[in-house]
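Here's the structure we're looking at; comments come further down.
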Amino acid sequence: MEADDWLRTIESKLDISHCEGHDRVLFAAHQLQGQAHDWWVTFSTAHPKPQDISWQEFRRAFRDHFVPKGEVKVKRREFLSLKQGSMSVQEYLTKFMQLSRYAPDDVDEDDKKQDCFREGLNPRLRYALSSSD
1023 MEADDWLRTI ESKLDISHCE GHDRVLFAAH QLQGQAHDWW VTFSTAHPKP
1073 QDISWQEFRR AFRDHFVPKG EVKVKRREFL SLKQGSMSVQ EYLTKFMQLS
1123 RYAPDDVDED DKKQDCFREG LNPRLRYALS SSD
C-alpha cells in the first residue's frame, strides 16, 4: 500500500513542520508526481472552490482513489486476527501499530486499543497482564 505509506510520510512531515489548514493540502499536492499529480490536477480543477479543500477532504479523496478498499478490508481482517505467536513483544507491537491504521474504529479509544493488543498476546503473557490489573 505504497500510496497509504506516502500519505503517512507526508502527514509526519506536515506535523513536524507545524503546517496547518489549507497549507497542508498545498504542501502535499506539491509533492505529488506522475499519476498522483494528474489525479490532483483533475480533482482540484473539478472542485468548486479548490482553495477551500481541507486536509481531511484531500486525505479522504486521495485514499479513496489510490488505496483499494479491498486491500483495506484485508488489512483490517489481518489486524483483527493478529496473534503474537513466535514474534517478540516488540515485533508484535510493531505489526500491531502498522495494521491498526486499517481498523480505526477498533482502536479509536485507548481502552479498545489495549483490549485488541492484549487479545493478540500469547496466553501466558495475556494472563500475567490481566492478573496485574
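My numbering puts the sequence shown at residues 1023 to 1155.
Cβ coordinates follow ideal geometry from the N, Cα and C atoms, glycine included.
Keep in mind it's a predicted model, so treat the numbers as computed, not measured.
Alpha carbon to alpha carbon, how far is residue j from residue i? Give it in angstroms, no decimals.
i	j	result
L1029	A1050	8 Å
I1038	H1052	17 Å
G1142	K1105	4 Å
F1080	E1033	12 Å
K1134	G1107	21 Å
P1145	D1027	32 Å
W1062	M1023	19 Å
A1150	V1111	14 Å
R1085	R1148	35 Å
V1094	Y1114	20 Å
M1109	Q1073	47 Å
P1090	L1121	15 Å
L1048	Q1136	36 Å
W1077	S1153	43 Å
F1118	E1042	29 Å
List the endpoints of the continuous alpha helix (DSSP H) containing residue i.
i	result
L1036	1024-1038
My understanding is that residue i touches residue j, with C-beta atoms under 8 Å, so please give their C-beta distance in whole angstroms.
i	j	result
R1140	Y1124	Contact flag wrong, Cβ pair sits at about 19 Å.
Less than 8 Å between the C-beta atoms of residue i and residue j, yes or no?
i	j	result
F1101	A1083	no
F1088	A1068	no
I1075	H1040	no
R1046	L1054	no
D1128	C1138	yes
Handout entry: Ranges of the alpha helix (DSSP H) found wholly within the segment 1051-1131, counting only runs of at least 4
Key = Taken in chain order, the whole alpha helix (DSSP H) runs of length 4 or more contained in the segment 1051-1131 are 1056-1068, 1077-1088, 1091-1102, 1111-1122.
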